[in-house]
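Engineer: Sharing a structure, written as structure tokens. Questions coming.
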Amino acid sequence: MYKSNNLLYIICGALLLGFGLLGGYIIGNKQQSIPASSPSFAPQQISPTTISSPTPIATQPLPTNTVSVTTAPSDRLTYKNSTYGFEIMYPKTYQALDDKNNLYGWPNGIVLFYNSGQSYDIVIQIWDTKQEYEKAYPQGSYDLTVKQINNKFLTIVNLTKEPQNSDIIATFKFTN
């Protein structure tokens, strides 16, 4: 009788331990999963920094925000932003995300370009001062392009350093 009680306790303990480990595994996996529709920013140390000369633009009132995406030659799309007066071409495999939900966490964000993975590939942001963007992106830490428009600073950050990102950034131009 004594041996059968010990055996029963051992079996119950093993089952309890097994269920506890299984539950912990399931909970751990749920907390680590990242939805495909909302990639997160993963900071990376990237160098060198590229800062282009500011491009002065005549000061004029900003138009209401109109964003359009049109088909460009060679299987590319064009993202146009009339509020800040610029456009940039990107491959059809990328998504241009400029809605409030995707820009959450990017208070100065204008548009995020996303191809796949856990990080946005390119982010375009607007800043009131040079000190603001320099604080967010310390010199030498990011692949950063800066343009000046109407006393503000527009930054283009190549977050993932994918080869095609440089080609996308090279198509940026002001339309005003």
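Quick note on our numbering: the sequence shown kicks off at 1 and runs consecutively.
Backbone N, C-alpha and C define an ideal beta-carbon position, used for all residues, glycine too.
My output table needs one value for P138: the three-state DSSP class, helix, strand or coil.
Structural biologist: Start at 1 with the first residue of the sequence shown, and residue 138 comes out as number 138. Three-state DSSP puts P138 in coil, outside helix and strand.
Engineer: If you drop the 5 nearest sequence neighbours on each side, which residues of the same chain put their C-beta closer than 7 Å to that of I156?
Structural biologist: Your numbering for residue 156 matches position 156 in the sequence shown. Once the five neighbours on either side are set aside, the close Cβ partners of I156 are I122, I124, T145, I169 and F172.
Engineer: What residues match up with L144 in a beta bridge as DSSP calls it?
Structural biologist: Translated into the one-based positions of the sequence shown, residue 144 becomes position 144. In the DSSP output, where bridge partners are listed per residue, L144 has V157.
Engineer: For T160, which residues from the same chain have a beta carbon less than 6 Å from its beta carbon, with the 5 sequence-adjacent residues on both sides left out?
Structural biologist: Here residue 160 refers to the residue found at position 160 of the sequence shown. Taken in chain order, the residues that qualify are S119 and D121.
Engineer: Going by C-alpha distance, which of I11, K152 and F86 is nearest V111?
Structural biologist: As a position in the sequence shown, residue 111 is number 111, starting the count at 1. Minimum Cα distance to V111 is reached at F86.
Engineer: Tell me where the alpha helix (DSSP H) around Q178 begins and ends.
Structural biologist: For the chain, the structure presents residues 1 to 176; residue 178 sits outside this window and is missing.
Engineer: DSSP has L97 in a bridge; who is on the other side?
Structural biologist: Looking up residue 97 in the sequence shown gives position 97. The partner list for L97 (beta bridge, DSSP) reads L112.
Engineer: Hey, would you say N115 sits closer than 8 Å to Y94, going by beta carbons?
Structural biologist: The residue labelled residue 115 in the question sits at position 115 within the sequence shown. The residue labelled residue 94 in the question sits at position 94 within the sequence shown. A contact, by the Cβ cut-off of 8 Å.
Engineer: Taking the Cβ atom as the reference point for each residue, do M89 and L97 lie within a distance shorter than 8 Å?
Structural biologist: If you number the sequence shown from 1, residue 89 lands on position 89. If you number the sequence shown from 1, residue 97 lands on position 97. The answer is no: Cβ separation not under 8 Å.
Engineer: Is W106 a contact residue of the ligand ADP, with contact defined as CB to any heavy atom under 7 Å?
Structural biologist: The ligand ADP is not part of this structure, which contains no ligands at all.
Engineer: With DSSP as the reference, label Q131 as helix, strand or coil.
Structural biologist: Here the question's residue 131 lines up with position 131 in the sequence shown. Reduced to three states, the DSSP call for Q131 is helix.
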